[in-house]
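Numbering of the sequence shown is given in the numbering used here, commencing with residue 10 and proceeding in unit increments.
Here is the structure we will look at, set down as structure tokens.
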Amino acid sequence: MKENTIPVTIQEIISKVIDAPEEFTPMHIPIFDEREIDLLRECVESNFVSSVGAFCDRFESALVDYTGARRAVLTVNGTSALHLSLILAGVEDNDEVLIPSFTFVATANAVRYIGAIPHFIEIEDQSLGVDITKLLQWLETIAETRDGGLWNKSTGRRIRCLVPMHTFGHAVDMDALNAVAAQFGLVVVEDAAESLGSFYKGRHTANDSLCAAISFNGNKIITTGGGGAILTNDDDLADRAKHLSTTAKIPHSWEMRHDAVGFNYRMPALNAALGCAQIEKLPGFVAKKRALAERYRAAFDGVEGVRFLSEPEWATSNYWLNTLVLDDDSGEAQRGFLELANSEGIMTRPAWTPLHILPIFSDCPKMELKITESMARRVVNIPSTASL
Ligand SMILES: *Cc1c(COP(=O)(O)O)cnc(C)c1O
Numbered sequence: 010m011k012e013n014t015i016p017v018t019i020q021e022i023i024s025k026v027i028d029a030p031e032e033f034t035p036m037h038i039p040i041f042d043e044r045e046i047d048l049l050r051e052c053v054e055s056n057f058v059s060s061v062g063a064f065c066d067r068f069e070s071a072l073v074d075y076t077g078a079r080r081a082v083l084t085v086n087g088t089s090a091l092h093l094s095l096i097l098a099g100v101e102d103n104d105e106v107l108i109p110s111f112t113f114v115a116t117a118n119a120v121r122y123i124g125a126i127p128h129f130i131e132i133e134d135q136s137l138g139v140d141i142t143k144l145l146q147w148l149e150t151i152a153e154t155r156d157g158g159l160w161n162k163s164t165g166r167r168i169r170c171l172v173p174m175h176t177f178g179h180a181v182d183m184d185a186l187n188a189v190a191a192q193f194g195l196v197v198v199e200d201a202a203e204s205l206g207s208f209y210k211g212r213h214t215a216n217d218s219l220c221a222a223i224s225f226n227g228n229k230i231i232t233t234g235g236g237g238a239i240l241t242n243d244d245d246l247a248d249r250a251k252h253l254s255t256t257a258k259i260p261h262s263w264e265m266r267h268d269a270v271g272f273n274y275r276m277p278a279l280n281a282a283l284g285c286a287q288i289e290k291l292p293g294f295v296a297k298k299r300a301l302a303e304r305y306r307a308a309f310d311g312v313e314g315v316r317f318l319s320e321p322e323w324a325t326s327n328y329w330l331n332t333l334v335l336d337d338d339s340g341e342a343q344r345g346f347l348e349l350a351n352s353e354g355i356m357t358r359p360a361w362t363p364l365h366i367l368p369i370f371s372d373c374p375k376m377e378l379k380i381t382e383s384m385a386r387r388v389v390n391i392p393s394t395a396s397l
């Protein structure tokens, strides 16, 4: 098959799988029905629409039930959940935090909010998550353990924390990653923004670290409009997360005292009411998204020049976004496909510009990031809404 025929072939396969109507197929849209309206009305009629409303506790309980995490603490978005998680992990000004370059900008922004420095690490091309073997080699080369911490020999800064991200809902191999983290004394925080509904060796993701951040942004598998949560199995950490997210106010009937510089990061009850309705549908969304992924997988099986990104052997993925990896490393097939599909009303997108390429992060320490850069030229996301 010639290179320039690949975009057409892919386009035709997708149209067949999703039975594309004439107009426009978005990549991922939220699905609501009467249930959301009922719970929103109940919330408004209760008058408790802000963060003290009962719907916040209710949504937190539902998250605990679904994920099996011990505690859930709601936040205004996934970015604030990450920010608080990193603070609770002990990250401080001028520390380095190991994060993939192949992620949404929020992962790195949360690091910078603390005055810490993102240190970019490589991904592997099967799950698009952290390449753990290369990470181990890299740390053996550049890091040394002394004074009870891990230090970057070339920058002189402490490396405090490791943040794996479960790309497009595919879990990182957390047992292997945690073994490396333990060897080097690194705290692990999961960026699980994309992996609600994804399981690692039978456990829900966001359960294999100190704490994890999830997101309920409008494009995620369930949405609260905007929102996020910290999941953790550590009660003390959850209590501190809630305290810091609610301006660190000391509980008292009338006195206003605060024992830390806190944040106004708690999700309002209105958003939590949406979340209560949405999470009831989550198992159904996951089942439908997995069925859609299976249809894509079968349709692309054996097609030359392109690979459908399947779940890693250790994972049961939510297939939040379905992903194709093109063979062509020049970026030409990707450009051709994006132009064709988007002009024909099928919304498709590349992944992110690798963060180390953005001028705001180009001075940050990094490993060799060949796979990251290659994947940026080869990955496309295709329509993934559960109702397809
Ligand atoms: C969506 C997302 C976030 C941030 O979530 P918001 O709720 O938009 O703040 C962080 N990391 C990743 C990988 C994401 O996909």
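Glycine included, C-beta positions come from ideal geometry on N, C-alpha and C.
As the structure is a prediction and not an experimental result, all values here were calculated from the model.
Using a threshold of 8 Å, state whether the C-beta atoms of residue i and residue j are closer than that.
| i | j | result |
| --- | --- | --- |
| ASN242 | ARG79 | yes |
| ILE239 | VAL120 | no |
| CYS52 | VAL58 | yes |
| HIS213 | GLY77 | yes |
| ALA324 | HIS179 | yes |
| THR164 | PRO374 | yes |
| ALA385 | THR357 | no |
| PRO127 | PHE370 | yes |
| ILE123 | GLU105 | no |
| SER110 | PRO321 | no |
| GLU264 | LYS229 | no |
| LEU291 | LEU49 | no |
| GLY138 | HIS175 | yes |
| LEU219 | VAL196 | yes |
| THR84 | MET276 | yes |
| ILE168 | LEU107 | yes |
| LEU397 | LEU301 | yes |
Using the DSSP secondary-structure output, state which residues sit across from residue i in a beta bridge.
| i | result |
| --- | --- |
| SER224 | GLY237 |
| TYR209 | ARG212 and ALA324 |
| LEU219 | Looking at the DSSP assignment, LEU219 forms no beta bridge with any residue, so it has no partner. |
| ASN390 | THR332 and ARG358 |
| ILE108 | PHE129 |
| HIS175 | DSSP lists no partner for HIS175. |
| HIS267 | LYS258 |
| VAL58 | DSSP, once it has assigned bridges, lists no residue as partnering VAL58. |
How long is the line joining the alpha carbons of residue i and residue j, rounded to whole angstroms?
| i | j | result |
| --- | --- | --- |
| TYR274 | ILE141 | 33 Å |
| MET10 | GLY314 | Caution is warranted here: a pLDDT of 47 is assigned to MET10, below 50, making its placement in the model unreliable, and the coordinate value is therefore given only provisionally. Each residue's Cα considered, the two are about 8 Å apart. |
| GLY99 | SER207 | 27 Å |
| LEU430 | VAL198 | Lying before the first or after the last residue shown, residue 430 is absent from the chain, which here runs from 10 to 397. |
| GLU377 | GLU131 | 7 Å |
| SER70 | LEU205 | 15 Å |
| GLU341 | THR14 | 12 Å |
| ARG44 | PHE177 | 27 Å |
| ILE355 | VAL388 | 16 Å |
| GLN20 | LYS143 | 35 Å |
| SER326 | VAL181 | 11 Å |
| GLN287 | LEU330 | 18 Å |
| VAL26 | ALA308 | 7 Å |
| ALA281 | ASP337 | 44 Å |
| LEU253 | ALA215 | 20 Å |
| GLU54 | ARG299 | 37 Å |
| ILE22 | CYS285 | 36 Å |
| SER89 | GLY311 | 42 Å |
| ASP74 | ARG67 | 11 Å |
| GLU382 | GLY157 | 35 Å |
| ALA125 | ARG266 | 29 Å |
| PHE33 | LEU318 | 24 Å |
| ALA152 | ASN161 | 5 Å |
Do you know whose CA, among the options, lies nearest residue i's CA?
| i | options | result |
| --- | --- | --- |
| THR112 | THR394, LEU367 and ALA395 | LEU367 |
| LEU283 | PHE64, ILE23, ALA202 and ALA29 | PHE64 |
| THR18 | PHE346, ARG386 and HIS365 | PHE346 |
| ASP400 | GLU289, PHE129 and ILE151 | The question about residue 400 has no answer here: the residues shown for the chain are numbered 10 through 397. |
| LEU335 | MET174, ASN390 and ALA281 | ASN390 |
| ASP28 | ASN103, LEU330, ALA215 and ARG304 | ARG304 |
| LYS297 | ALA395, THR84 and LEU49 | ALA395 |
| PRO392 | ALA117, PRO359 and HIS365 | PRO359 |
| ASP244 | THR332, LEU48, LEU97 and TRP160 | LEU97 |
| ASP217 | PHE193, SER383, THR332 and MET183 | MET183 |
| LEU148 | PHE193, LEU364, THR116 and GLU133 | PHE193 |
| PHE41 | LEU195, ASP310 and GLU289 | GLU289 |
| LEU364 | PRO39, ILE38 and VAL114 | VAL114 |
| THR332 | PRO39, ASN56 and ASP134 | ASP134 |
Please report the Cβ distance between residue i and residue j, rounded to the nearest whole angstrom; I am assuming they are in contact, meaning their Cβ atoms lie under 8 Å.
| i | j | result |
| --- | --- | --- |
| LEU171 | ALA190 | 5 Å |
| LEU349 | PRO16 | 5 Å |
| ILE380 | PHE294 | About 30 Å separates the two Cβ atoms, so there is no contact after all. |
| ALA201 | ALA221 | 4 Å |
| ASP268 | ALA257 | 6 Å |
| SER224 | GLY237 | 5 Å |
| ARG166 | ASN103 | 6 Å |
| GLY234 | THR255 | Rounded, the Cβ-Cβ distance is 20 Å, inconsistent with contact. |
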